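Trainee: In full-length UniProt numbering, the protein residues as written are 1 to 545.
Glycine is no exception: its CB is placed at the ideal position from the N, C-alpha and C atoms.
Computed from a prediction, not measured in an experiment: that's the story for all the values here.
This is the structure I want to talk about, given as structure tokens.
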């Protein structure tokens with residue numbers, strides 16, 4: 001077992017009196033729990049937590065930022081380093097490592113246990129799992145955005161105020177800019193790319209499938225000061241992150257295009273010194289396309305300026321190319337298939353890469369919706385294959401979302417039983433499809449998706465890093481898989497009343513496209529797909545039907 005991967009560390013200061021209170025230096029170990037997929041993500045939550053602690057109690061505490069996929073590494077580290085506070089950031093997908101870590105910490109004697117602070121989506125939404133399973137641990141769980149609450153907890157501990165053995169704290173919007181601290185120089189620790197923030201929250205906040213933070217009010221959205229944002233970007237550039245940088249904001253334009261336009265002016269100046277610097281942002285289609293001529297002029301000017309500032313990639317949650325499906329998703333009246341397509345073409349016309357999220361399959365799907373989607377997309381298939389993040393995808397029914405509530409209402413008024421058990425690791429439900437013919441189709445397509453998607457993701461990462469061969473292969477592979485999606489819908493819809501015939505035709509279509517991919521020099525192992533079909537089809541179909 002390798003050692004815990006240290007991202008950065010600071011040295012301890014000395015005790016000092018502030019406002020009549022003696023503040024003691026602490027050793028804080030702030031560890032991101034990761035998965036094989038997420039391990040190289042830039043851990044902006046760790047850096048912003050460290051920054052807030054440094055703002056509240058500057059140069060006082062010794063802080064170690066680290067990441068790991070293994071509980072054993074955390075336990076070995078705690079035994080050796082004896083931190084006062086052990087903070088674990090646990091996003092979806094990390095339940096096993098978190099539970100294993102807490103179980104082993106429970107074996108420590110009370111005098112050897114650190115104060116444990118948990119944050120991230122798993123502790124936020126399932127706090128009672130941890131309180132009930134580990135009643136003897138000194139456990140604080142912070143729900144939602146945690147920078148302010150975390151810094152307050154550290155301060156209380158440092159002035160030796162009594163802390164309850166277990167408590168749940170709801171976080172708050174950071175009033176101050178969430179400045180990052182503890183970021184290593186580029187190259188010292190591998191990251192996919194650096195990240196920064198200009199805003200916090202979502203001005204829309206109403207999409208039916210989205211799992212929102214506990215402390216967010218719908219539509220509340222906070223912009224930060226221009227000087228703070230540009231200072232953060234400048235600091236990352238000085239640390240060597242002068243290639244691609246991603247703004248982590250859910251939607252930085254929100255209800256005020258002016259602030260980010262001002263940020264662009266500053267980025268244009270920074271590019272005079274850092275000529276290789278490029279960046280990406282999230283945008284909604286209705287912040288690119290408008291029926292109002294004056295607003296459209298503003299949007300066009302914004303994109304022109306953004307291009308000069310280094311905008312290289314726009315992430316856009318199109319999600320669907322069906323009007324009825326977009327209504328179910330609560331994307332808003334201005335988001336339509338036409339605006340999704342027009343926005344992508346507009347951005348592309350400026351030479352800016354656009355990547356759209358696309359989740360056509362969901363448990364309440366119907367054939368009319370899918371056929372509407374296929375008919376709209378077919379004339380634009382070549383263009384769409386270049387801009388869709390995946391040629392097709394599946395909506396996850398997330399815990400405590402409006403979509404989950406809609407399914408429960410359907411179950412309450414009919415004989416349907418669709419929702420399965422909650423997958424606590426991912427905060428999602430397995431959910432059968434209301435229409436069994438779509439469930440059959442979606443189940444077989446999911447086998448293909450699980451086979452091909454890891455290759456698409458890896459090609460996408462390499463393409464973002466500038467690998468032209470990966471970008472070319474990505475475009476070719478997406479085009480093939482999108483044709484599979486469109487052809488399947490158009491050929492299977494007439495067979496919807498015969499599951500036997502539908503299954504037979506679906507398997508023929510999948511075999512056709514498997515052979516095409518195998519002959520395409522992508523380096524993709526087609527045997528894996530055959531194994532999934534032969535040995536796991538029943539398991540897949542059981543999840544959808």
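#1: Under DSSP, the alpha helix (DSSP H) around residue 323 begins and ends at which residues?
#2: As a quick exercise: from 216, 209, 199, 242, pick the residue whose alpha carbon is nearest that of residue 227.
#3: Assuming residue 313 is part of the beta strand (DSSP E), what are its boundary residues?
#4: Rounded to whole angstroms, what's the CA-CA distance from residue 426 to residue 361? Just pull it up for me.
#5: When DSSP labels each residue in this structure, what does residue 140 get in the three-state scheme?
#6: Taking 6 Å as the limit between beta carbons, can you name the residues of its chain near residue 54, skipping five residues before and five after?
#7: Look up residue 336 in the DSSP assignment and say whether it is helix, strand or coil.
#8: Rounded to whole angstroms, what's the CA-CA distance from residue 430 to residue 400? Just pull it up for me.
#9: In the DSSP assignment, the beta strand (DSSP E) including residue 122 goes from what residue to what residue?
#10: Extract the residue ranges of the beta strand (DSSP E) inside the segment 421-493, only unbroken runs of 3 or more that lie entirely within it.
#11: Below 9 Å between beta carbons: does that hold for residue 432 and residue 503?
#12: Among 94, 420, 319, whose alpha-carbon lies nearest the alpha-carbon of residue 120?
#13: With DSSP as the reference, please indicate the residues paired to residue 281 in a beta bridge.
#14: Compute the Euclidean distance between the alpha carbons of residue 487 and residue 343, then round it to the nearest angstrom.
#15: Could you check if residue 124 is buried or exposed, using at least 16 other CB atoms within 10 Å of its CB as the buried criterion?
#16: Mind checking who residue 195 pairs with in its DSSP beta bridge?
#17: Within a Cβ cutoff of 6 Å, which residues of the same chain sit near residue 340, ignoring the five residues on either side of it in sequence?
#18: Give the DSSP bridge partners of residue 546, in chain order.
#19: Locate the alpha helix (DSSP H) running through residue 407, then write down its first and last residues.
#20: With 16 other CB atoms within 10 Å as the buried threshold, where does residue 160 fall?
#21: Pop quiz: residue 116 and residue 139 are said to be a contact at Cβ under 8 Å. What is the actual Cβ separation, rounded to whole angstroms?
#22: I think residue 314 touches residue 352, with their Cβ atoms under 8 Å apart; what is that distance to the nearest whole Å?
#23: Quick one: residues in its chain with C-beta nearer than 6 Å to the C-beta of residue 393, no 5 flanking neighbours on either side, listed in chain order?
#24: So, at 7 Å on beta carbons, what are the nonlocal neighbours of residue 40 in its own chain, with the 5 sequence-adjacent residues on each side left out?
#25: What does a CB cutoff of less than 7 Å around residue 306 pick up in its chain, not counting 5 residues either side in sequence?
#26: Would residue 9 and residue 16 be called neighbours here (beta carbons separated by less than 9 Å)?
#27: What does the alpha-carbon distance come out to for the pair residue 323 and residue 466?
#28: Between the C-alpha atoms of residue 97 and residue 75, what's the straight-line distance to the nearest angstrom?
Mentor: So, from the listed chains and residues:
#1: What you label residue 323 is simply residue 323 of the chain shown in a count that begins at 1. For residue 323, the enclosing alpha helix (DSSP H) begins and ends at 323-329.
#2: Position 227 of the chain shown, counting from 1, holds the residue named residue 227. Looking at 216, 209, 199, 242, the one whose alpha-carbon comes closest to that of residue 227 is 199.
#3: Against the chain shown, residue 313 aligns to sequence position 313. For residue 313, the uninterrupted beta strand (DSSP E) run begins and ends at 311-319, by DSSP.
#4: Locating residue 426 in the chain shown gives position 426, where the first residue counts as 1. Locating residue 361 in the chain shown gives position 361, where the first residue counts as 1. The straight-line gap from Cα to Cα measures roughly 18 Å.
#5: Sequence index remark: in the chain shown, residue 140 carries index 140 (1-based). Correct three-state label for residue 140: strand.
#6: Here residue 54 is taken as the residue at index 54 of the chain shown, counted from 1. Cβ neighbours of residue 54 within its own chain (closer than 6 Å, five residues either side excluded): 181.
#7: Residue 336 sits at position 336 when you count from the first residue of the chain shown. Judged by DSSP in its simplified three-state form, residue 336 adopts coil rather than helix or strand.
#8: Taking the first residue of the chain shown as 1, we reach residue 430 at position 430. Taking the first residue of the chain shown as 1, we reach residue 400 at position 400. Across the structure, residue 430 and residue 400 are spaced so that their CA atoms are roughly 14 Å apart.
#9: Reading the chain shown from its first residue, position 122 is the one you call residue 122. For residue 122, no beta strand (DSSP E) encloses it; the enclosing alpha helix (DSSP H) starts and ends at 121-125.
#10: Whole beta strand (DSSP E) segments, 3+ residues: 428-431.
#11: To locate residue 432, count along the chain shown from 1; it is residue 432. To locate residue 503, count along the chain shown from 1; it is residue 503. Going by C-beta atoms, residue 432 is not nearer than 9 Å to residue 503.
#12: Your numbering for residue 120 matches position 120 in the chain shown. Taking each of 94, 420, 319 in turn and checking the Cα distance to residue 120, the smallest one comes out for 94.
#13: In the chain shown, counting from the first residue as 1, residue 281 sits at position 281. Bridge partners of residue 281: 314.
#14: Translated into the one-based positions of the chain shown, residue 487 becomes position 487. Translated into the one-based positions of the chain shown, residue 343 becomes position 343. So the alpha carbons of these two residues sit roughly 25 Å apart.
#15: Along the chain shown, one-based indexing puts residue 124 at 124. When all chains shown are included, residue 124 counts as buried.
#16: By 1-based counting over the chain shown, the position of residue 195 is 195. As computed with DSSP, residue 195 is found in a beta bridge with 246.
#17: Locating residue 340 in the chain shown gives position 340, where the first residue counts as 1. 285, 318, listed in sequence order.
#18: As shown, the chain starts at 1 and ends at 545. That puts residue 546 outside it, with no answer to give.
#19: The residue you call residue 407 lines up with position 407 of the chain shown. Here the alpha helix (DSSP H) through residue 407 covers 402-413.
#20: The count along the chain shown starts at 1 and reaches residue 160 at position 160. Under this definition residue 160 is an exposed residue.
#21: Position 116 of the chain shown holds residue 116. Position 139 of the chain shown holds residue 139. Their Cβ separation, rounded to whole angstroms, is 5 Å, which keeps residue 116 and residue 139 in contact under 8 Å.
#22: Stepping through the chain shown from its first residue, residue 314 is reached at position 314. Stepping through the chain shown from its first residue, residue 352 is reached at position 352. Contact flag correct, Cβ pair sits at about 6 Å.
#23: Within the chain shown, residue 393 is the residue found at index 393, counting from 1. Listed in chain order, the non-local C-beta contacts of residue 393 below 6 Å within the same chain comprise 358, 359, local neighbours out to five positions each way being set aside.
#24: For the purposes of this step, residue 40 is taken as the residue at position 40 of the chain shown. Excluding residues within five positions, the ones whose Cβ falls inside 7 Å are 190, 191, 192.
#25: Taking the first residue of the chain shown as 1, we reach residue 306 at position 306. Listed in chain order, the non-local C-beta contacts of residue 306 below 7 Å within the same chain comprise 264, local neighbours out to five positions each way being set aside.
#26: The count along the chain shown starts at 1 and reaches residue 9 at position 9. The count along the chain shown starts at 1 and reaches residue 16 at position 16. In this structure, residue 16 does not lie closer than 9 Å to residue 9 by Cβ.
#27: Counting from one through the chain shown, the residue named residue 323 turns up at place 323. Counting from one through the chain shown, the residue named residue 466 turns up at place 466. Roughly 35 Å separates the two Cα atoms.
#28: Start at 1 with the first residue of the chain shown, and residue 97 comes out as number 97. Start at 1 with the first residue of the chain shown, and residue 75 comes out as number 75. Looking at the two C-alpha atoms, the distance is approximately 11 Å.
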